[in-house]
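**Q**
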Amino acid sequence: MEDSMFKTKLNRYIDAGFPIIYINTFEESKVDDLIRQVGVGNEIIEWNESRGYIDFATGTPLMEDCTLEMMLNQLKVPELLERKIIVLKDVVPYLEEPRIVSKIKGIVRLINQGVDATVIIVSSVLSVPKELEKFVTILELDYLEVDEIKQVIINFINSNRLSMVKETLINEFAVAFKGLTEFEIENLLALSYSDDGELTRSDLRVIFDQKQQMIKKAGILEMIPLKETVDDIGGLENLKEWFIKKAKVFKNMDSAQKFGVDIPKGVLIAGVPGCGKSLNAKAAANLFEVPLLRLDMGRLMGKYVGESEGNLRKAIALAEAISPCVLWIDELEKAFAGIGGDGGGNDVTVRLFGNFLTWMQEKTSPAFVVATANDITKLPPELLRKGRFDEIFYVGLPNEREREKIFRIHLSKRRSKDVGTINIRSLVAKTNGFSGADIEGVVKDAIESAFSNDKDTVSTEDVLTAINNTHSLSELMKEALEKMQKEYETRKFKNASR
C-alpha cells in the first residue's frame, strides 16, 4: 500500500485500541518515520537487540543494560503503560520463549482493560506465536509503485546534478527497480553512479543481478535463465499461436488496456509428461521478454501458525512487485491434490488453495501465470472454472508432423551437418507413442554411441538402433495415458496441437 494509505490504516488501528500491530517489512527507517507521524501525543519507546530500551525519538537509553524481559516487566504497571506506543525490534527469536510471550500477554490484558497503549512489532520475518495470534493485526508495507520509484530516481538525479538522463531511461530504470526497497534502490543508484559518474542503460544489468540476489534470499521463488524460444518447441501450434497473441498484449499493455483488453491472467497446460509443458513456460517468458520466476509450492510450508500462508503472500507480492514477469508453477496437482469433492485436504493446504484461488480470480498485475500439471484428475474442480485461467490446454503425445519437427530440432542443435543425410521420415515412422523427451533421449543416445564407436558422422542406423533400445512413454504408461486422454476430451480442453 502507498505510504499515505499505510499511515491512515496504522493510525486507525492505534486509535481503535488494537493491542499488537505486527509490521512485516524490511523498510525499518521508513516505518520509523510513519510511527513518528502517527504517534503524536503519545510517548514512543523502543527496544532493540543492539541498544536495548531507548527513547524512540532521540535514541537515548532509558535503562542501562536492559533486556527485553526487564522492559516488559516494568510496563506491567498500568500507570507506566498509559499513553505509550511500544516499538519492539529484533524480537522474533524471543517470541519462542514462553516467559516473554506471557509478559506480552500481560500487557495486552491491560490494554484490553482500557489502558491507552499499543505494542508495535517491526520485523522482516513474520512469526506469530499461537498464544498471541488473536491479539495480533498484521500490516505489510508494500513495494514501491512505479511512480514512487521514478520520484526516488529523479531525487537522486537532482541531488547529484546529473544531466542528460532521458525520460525513457528513467522509465526503464523505474520498471527494472520494481520489487526492490527504497534503501536498495538508493544503494544501486549510488553504485551505478560511482562506476562512471552517470546513469546509463548498461547499469540495468546491475539491477537485474540484485533482483536475482533478492529472489535467492527469499528462498521461495527461483529466477530461471531464459535460453529456450518458441522455435525450440516441435509442434503445439495452437498453444504457440495463443502465446504469440498474448505476448502482443503483454508487450503493449498500456495501449491494449486503453483499447479495452483485459490484462492476461495465465494459462494451465496439462497433459503427458515429457511433451513440452515446462519448455512452454520458458519459451513464453522469452516471447514476452520478461523474467521467468518458478514457484516451488513445497517451499511454502512453514512450522508456525500462518507461516505457509505468509510465504504464499510473500511469493505473490514478490512476483507482482517484479512484474511484468511469468510466474511458472510446475506440477500444480502436487500442491493441491485431495482438495474439494470428498477429499477435504488438510487445513493448511485448504487455506493455501483458497488464497491462491482468490489471487487468480482478482489479480490485476502483469504477473502471467503458467501452471503445468501432469494429471488434471487430481486438481480441485474449482481451479478449472472459467475466470481462474485465460485458457486450459491439453498436451498429448506428438503426432507425425510434430515428431519430425522434434527430431530436426534436436539433431540440428547437436549435429547440424548430419541432418541432411539422416532419413528423418523413417525415424518418425518408428516412434509412434514416443514423447518429446523420449525423442530427445534417442538423439542423445545415438550421438553418444556414434562418438564412442569413433564414427565421424551420425547415421540413420545409429538413431534407429537407439529407438529400438528405448521403451516409449506409451508403453510404460499405457493405461494412465488412455485415462488422461479420455478425461481431457470429456472436459473439452483445447488441444495444444493442431
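Residue numbers (the numbering used here): 4 to 501. Where a beta carbon is used, it is the ideal one built from N, C-alpha and C, also for glycine.
For Trp-331, which beta-bridge partners are listed by DSSP?
**A** Numbered from its first residue, the sequence shown carries residue 331 at position 328. Beta-bridge pairing links Trp-331 to Arg-297 and Val-373.
**Q** Which residue's Cα is closest to the Cα of Ala-453: Arg-418, Leu-65 and Ala-120?
**A** Position 450 of the sequence shown, counted from the first residue, corresponds to residue 453. Ranking Arg-418, Leu-65 and Ala-120 by Cα distance to Ala-453 puts Arg-418 first.
**Q** Can you grab the Cα-Cα spacing for the pair Leu-430 / Val-466, in whole Å?
**A** For the purposes of this step, residue 430 is taken as the residue at position 427 of the sequence shown. For the purposes of this step, residue 466 is taken as the residue at position 463 of the sequence shown. For Leu-430 and Val-466, the distance between alpha carbons rounds to 7 Å.
**Q** Just how far apart, CA to CA, sit Val-90 and Ile-124?
**A** Mapped onto the sequence shown, residue 90 falls at position 87. Mapped onto the sequence shown, residue 124 falls at position 121. One C-alpha to the other measures close to 6 Å.
**Q** Specify whether the stretch 280-289 and the stretch 195-206 touch according to this definition: at least 3 beta carbon pairs, one from each stretch, less than 8 Å apart.
**A** Short answer: they don't touch.
**Q** Please confirm if the stretch 399-410 is in contact with the stretch 353-368, defined as three or more CB-CB distances below 8 Å between the two stretches.
**A** The stretch 399-410 vs the stretch 353-368: no contact.
**Q** According to the neighbour-count rule (16 or more other Cβ atoms, all chains shown, within 10 Å of its Cβ), is Phe-211 buried or exposed?
**A** On the sequence shown, position 208 is the one that residue 211 refers to. Exposed is the call here.
**Q** Relative to the C-alpha of Ser-475, which residue among Phe-392, Pro-22, Val-275 and Ile-107 is closest?
**A** For the purposes of this step, residue 475 is taken as residue 472 along the sequence shown, with counting starting at 1. Closest option to Ser-475, Cα to Cα, is Val-275.
**Q** Whole angstroms is fine: what's the gap from Val-34's alpha carbon to Pro-327's?
**A** Within the sequence shown, the letter at position 31 stands for residue 34. Within the sequence shown, the letter at position 324 stands for residue 327. Approximately 27 Å, taken between the alpha carbons.
**Q** Once DSSP output is grouped into helix, strand and coil, what is the label at Lys-389?
**A** Stepping through the sequence shown from its first residue, residue 389 is reached at position 386. Strand.
**Q** Which runs of the beta strand (DSSP E) fall wholly inside the stretch 33-107 and span at least 3 residues, in chain order?
**A** Complete beta strand (DSSP E) runs here, min 3: 46-51, 55-58, 64-66 and 87-92.
**Q** Is there contact between the stretch 439-450 and the stretch 407-422, where contact requires at least three CB pairs shorter than 8 Å?
**A** The stretch 439-450 vs the stretch 407-422: in contact.
**Q** What is the DSSP secondary structure of Glu-577, reduced to helix, strand or coil?
**A** The question about residue 577 has no answer, for the chain in this structure spans 4 to 501.
**Q** Looking at Leu-298 and Ile-332, is the spacing between their C-beta atoms short of 8 Å?
**A** Within the sequence shown, the letter at position 329 stands for residue 332. Within the sequence shown, the letter at position 295 stands for residue 298. It is a contact, given that the beta carbons lie within the stated cut-off.
**Q** Could you check what DSSP says for Asn-1 in three-state terms: helix, strand or coil?
**A** The shown model of the chain, from 4 to 501, leaves out residue 1, and the question about it has no answer.
**Q** Note down the Cα distance separating Asp-18 from Asp-119, rounded to an integer number of angstroms.
**A** Here the question's residue 18 lines up with position 15 in the sequence shown. Here the question's residue 119 lines up with position 116 in the sequence shown. Taking the straight line from one Cα to the other gives about 9 Å.
**Q** With DSSP as the reference, identify every bridge partner of Tyr-491, one or two as the case may be.
**A** Working through the sequence shown from its first residue, we reach residue 491 at position 488. According to DSSP, Tyr-491 bridges with nothing at all.
**Q** For Glu-175, which residues in the same chain have their Cβ closer than 8 Å to its Cβ, ignoring the five residues on either side in sequence?
**A** As a working mapping, residue 175 is identified with position 172 in the sequence shown. Answer for Glu-175: Arg-204 and Leu-207, listed in chain order.
**Q** Kindly identify the DSSP beta-bridge partner or partners of Leu-526.
**A** The chain is shown from 4 up to 501; residue 526 falls before or after that span and cannot be answered.
**Q** For Ile-26, which residues from the same chain have a beta carbon less than 6 Å from its beta carbon, with the 5 sequence-adjacent residues on both sides left out?
**A** Translated into the one-based positions of the sequence shown, residue 26 becomes position 23. Only Val-34, Val-125 and Leu-142 meet the Cβ criterion.
**Q** Identify the continuous beta strand (DSSP E) that holds Thr-121 and give its terminal residues.
**A** Indexing the sequence shown from 1 puts residue 121 at position 118. Looking at the DSSP string, the run of the beta strand (DSSP E) that includes Thr-121 is 120-126.
**Q** Spatial neighbours of Gln-488 within its chain, please: CB distance less than 7 Å, with the 5 preceding and 5 following residues excluded, ordered by chain position.
**A** Start at 1 with the first residue of the sequence shown, and residue 488 comes out as number 485. Closer than 7 Å at the Cβ level, and outside the excluded window around Gln-488, lie Gly-399.
**Q** With distances taken Cα to Cα, identify the nearest neighbour of Leu-296 among Met-217, Asn-115 and Glu-151.
**A** Here residue 296 refers to the residue found at position 293 of the sequence shown. Checking every option, the nearest Cα to that of Leu-296 belongs to Met-217.
**Q** Along the alpha helix (DSSP H) that carries Thr-424, what are the first and last residues, could you check?
**A** Counting from one through the sequence shown, the residue named residue 424 turns up at place 421. From DSSP, Thr-424 is part of no alpha helix (DSSP H); its letter is neither H nor E.
**Q** Taking DSSP as the reference, what is the three-state secondary structure of Glu-175?
**A** In the sequence shown, the residue the question calls residue 175 occupies position 172. Here Glu-175 sits in helix by DSSP.
**Q** Return yes when the Cβ of Val-270 is within less than 8 Å of the Cβ of Glu-407, no when it is not.
**A** As a first step, residue 407 must be located in the sequence shown, where it is residue number 404. As a first step, residue 270 must be located in the sequence shown, where it is residue number 267. Contact flag unset, no.
**Q** With a CB to CB cut of under 6 Å and the five nearest residues on each side skipped, what residues in its chain are close to Lys-12?
**A** Reading the sequence shown from its first residue, position 9 is the one you call residue 12. The answer is none, since no qualifying residue turns up.
**Q** Could you check the C-alpha separation between Ile-110 and Ser-127 for me, to the nearest Å?
**A** The residue given as residue 110 occupies position 107 in the sequence shown. The residue given as residue 127 occupies position 124 in the sequence shown. Taking the straight line joining both Cα atoms gives about 23 Å.
**Q** Spatial neighbours of Lys-243 within its chain, please: CB distance less than 7 Å, with the 5 preceding and 5 following residues excluded, ordered by chain position.
**A** The residue you call residue 243 lines up with position 240 of the sequence shown. Answer for Lys-243: Val-233 and Ile-236, listed in chain order.
**Q** Measuring straight from C-alpha to C-alpha, what distance separates Lys-381 and Met-480?
**A** In the sequence shown, the residue the question calls residue 381 occupies position 378. In the sequence shown, the residue the question calls residue 480 occupies position 477. The alpha-carbon atoms of Lys-381 and Met-480 are separated by roughly 17 Å.
**Q** Assign Ala-273 to one of three DSSP states: helix, strand, or coil.
**A** Here the question's residue 273 lines up with position 270 in the sequence shown. Residue state, collapsed to three classes: strand.
**Q** Looking only at its own chain, which residues have a Cβ that is under 8 Å from the Cβ of Thr-473, when we skip the five neighbours before and after it?
**A** The residue given as residue 473 occupies position 470 in the sequence shown. Answer for Thr-473: Phe-437, Asp-441, Gly-444, Val-445 and Asp-448, listed in chain order.
**Q** Would you say the stretch 238-254 touches the stretch 185-196, given that touching needs at least three Cβ pairs under 8 Å?
**A** No, the stretch 238-254 is not in contact with the stretch 185-196.
**Q** Could you tell me if Lys-87 is buried or exposed, where buried requires 16 or more neighbouring beta carbons within 10 angstroms of its beta carbon?
**A** On the sequence shown, residue 87 is found 84 positions in, with the first residue counted as 1. Classification of Lys-87: buried, given that the 10 Å Cβ count is 16 or more.
**Q** Does the Cβ of Ala-376 have 16 or more other Cβ atoms within 10 Å, making it buried, or fewer, making it exposed?
**A** Residue 376 sits at position 373 when you count from the first residue of the sequence shown. Buried: at least 16 other Cβ atoms inside 10 Å.
**Q** I'd like to know if the stretch 72-85 and the stretch 93-108 are in contact, where contact means that at least 3 CB-CB pairs between them fall below 8 Å.
**A** Contact holds: three or more Cβ-Cβ distances are below 8 Å.
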